[in-house]
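Notes for the one structure printed next.
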Amino acid sequence: MQAGWSRELGIDVEGLIPDRQLRMVSVVVGDDVITLHYRISPALPARDPDTGRPPWLTWDWHGVDDLGNDYESWGGAYGTSEDGLTTLGDLTLQPAPPPDARHLYVHLAPFRHDEGDLGSAQVGIPLPGG
Amino acid sequence: MRESRYLALGRLLRRTGLIAGPLALIASLALTAIPATAAVSAPAQRQLPGAGAHSLALRAPALPGRTPANGRCTGEWRNVVSNVFWRRGTTGRLYWDFYLTNVAIERLGGVVTVSMPSAAVNGHAINPPYSPHTRVSTYDFHASLLNYHVLGGVNHAFKTGDRVHFVWLIIGSTGTDAYRYITCTVWKKGVG
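Taken in sequence, the protein lines are chains A and B. For the record, in the first sequence the residue sitting at position 23 is 24 according to the working numbering, with numbers rising by one throughout. For the record, in the second sequence the residue sitting at position 56 is 62 according to the working numbering, with numbers rising by one throughout.
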């Protein structure tokens, strides 16, 4: 039974978001979803919901495991931490991995409305079969 | 273009004992769906008997209408519940970022669960492409979509001209529920 499996990651993704550090904090595998938790430091600019400004950052992500199975994005969310110092977020993918999948390779490609594509990175994430 | 929006009345229905749980939410969706063609404004909402005390839409001030009149899944779609930004990537991916408005946050509370109970493309129900997220209500709830899976069918890639219909359900920590749904046309690659 792999549902509820989780692991701390502590993987820094260098240079993907200008002037900020992106760290993949943890991975959680649920019944039908993989959730990646991340942290961006310092925090992205605060945004008033009613200002009409576009999001500071838009995420594009998807994955493939070491067995060749594809994983499609299944939504995410991010916002400022309670202390205001960092941005906390998560990216989810589906489906859940098969038991013998050992690694998930996640393609991350953030986008900024004022600057365009910020490039991309691939991050190796351990899975329960590893 | 057709955009419908409302705040849910699921709590009211559950309180009255008429319907319980998710059925109440679905019922409130059906009851409050309101086609609209222009700016968001409170008077455009249909008032339900006895629903005023629980409906944000009935009491909220009108917001400046910036929902695109062309019905395309581009730019910002505003309403009293949420503002949704759309963009089509150069690879064909369809992106949306969903922000609750200050008015909605005030009613829903500091923590919300945002989910997508139903979605459709070109009139066919698809697997909803958003997993439930319970987060602080000021968060950006977002998705990046390349393919969709028709229920009982196969995967397809989003293409220009597809008519998408997404329903967001927001359950607030105050016990108030809200809905948002948008029907729009997928537009050209690289347009946001």
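Glycine included, C-beta positions come from ideal geometry on N, C-alpha and C.
Around the Cβ of G16 of chain A, are there at least 16 other Cβ atoms within 10 angstroms (buried) or fewer (exposed)?
-> Result: exposed.
Would V160 of chain B be called buried (16 or more neighbouring beta carbons within 10 Å of its own) or exposed?
-> exposed
Using a Cβ-Cβ cut-off of 8 Å, state whether Y101 of chain B counts as contacting chain A.
-> yes
From V124 of chain A to V120 of chain B, what distance separates their C-alpha atoms?
-> Between the alpha carbons of V124 of chain A and V120 of chain B lies a gap of roughly 27 Å.
Find the residues of chain B that neighbour D51 of chain A, judging by a C-beta separation of less than 9 Å, and give them in chain order.
-> Chain B residues near D51 of chain A: L69, R84, N89, Y105, T107, N108, V109.
Would you mind working out which of B:R186, B:S143, B:N153, B:Y185 sits nearest S82 of chain A, comparing C-alpha positions?
-> Selected option, being the one with the closest Cα: B:S143.
Contact list for the region 136 to 170 of chain B against chain A, Cβ threshold 8 Å | Y136, S137, H139, R141, V142, T144, Y145, D146, F147, H148, A149, S150, L151, L152, N153
L92 of chain A - DSSP class collapsed to helix/strand/coil = strand
Give the straight-line distance between the Cα atoms of Y105 of chain B and D168 of chain B, rounded to the nearest whole angstrom.
-> 24 Å
Evaluate D33 of chain A with the Cβ neighbour count: other Cβ atoms within 10 Å of its Cβ, from every protein chain shown; 16 or more gives buried, anything less gives exposed.
-> Exposed.
Chain-order list of residues whose beta-carbon lies under 7 Å from that of G120 of chain A (same chain, five-residue window excluded) | L17
For P127 of chain A, write down the residues that DSSP places opposite it in a beta bridge.
-> A:H104
Any idea if P129 of chain A is buried or exposed, counting beta-carbon neighbours within 10 angstroms, 16 or more meaning buried?
-> Counting Cβ neighbours within 10 Å, P129 of chain A comes out buried, since at least 16 surround it.
Under 8 Å between C-beta atoms, does V34 of chain A make it to chain B?
-> yes
Reduced DSSP category for L114 of chain B - H, G, I as helix; E, B as strand; rest coil | helix
Taking only runs that begin and end inside the region 114 to 181 of chain B, name each unbroken beta strand (DSSP E) of 3 or more residues, in chain order.
-> 117 to 127, 139 to 142, 146 to 151, 153 to 155, 161 to 163, 169 to 178
L10 of chain A and S27 of chain A closer than 8 Å at C-beta = yes
Close-in-space but distant-in-sequence residues of the same chain around Q22 of chain A (CB under 6 Å, 5 per side omitted) | S42
Per DSSP, V65 of chain A forms a beta bridge with which residues?
-> A:D71, A:Y106
Residue(s) in a DSSP beta bridge with W92 of chain B | B:G81, B:W102
Would you mind sorting G95 of chain B into buried or exposed? The rule is 16 or more other CB atoms within 10 Å of its CB.
-> That one is buried.
Grouping DSSP H, G and I as helix and E and B as strand, with all else coil, what is V29 of chain A?
-> In the structure shown, V29 of chain A adopts extended strand secondary structure according to DSSP, grouped into three states.
Would T94 of chain A pass as a contact of I12 of chain A if the rule is Cβ separation under 8 Å?
-> Looking at the sequence provided, one finds Leu at residue 94 of chain A rather than Thr. The answer is no: Cβ separation not under 8 Å.
Mark L68 of chain A as exposed unless 16 or more other C-beta atoms lie within 10 angstroms of its C-beta, in which case mark it buried.
-> exposed
Sub-8 Å separation of T107 of chain B and V90 of chain B beta-carbons = no
Is the shortest distance between the beta-carbon of Y39 of chain A and the beta-carbons of chain B less than 8 Å?
-> no
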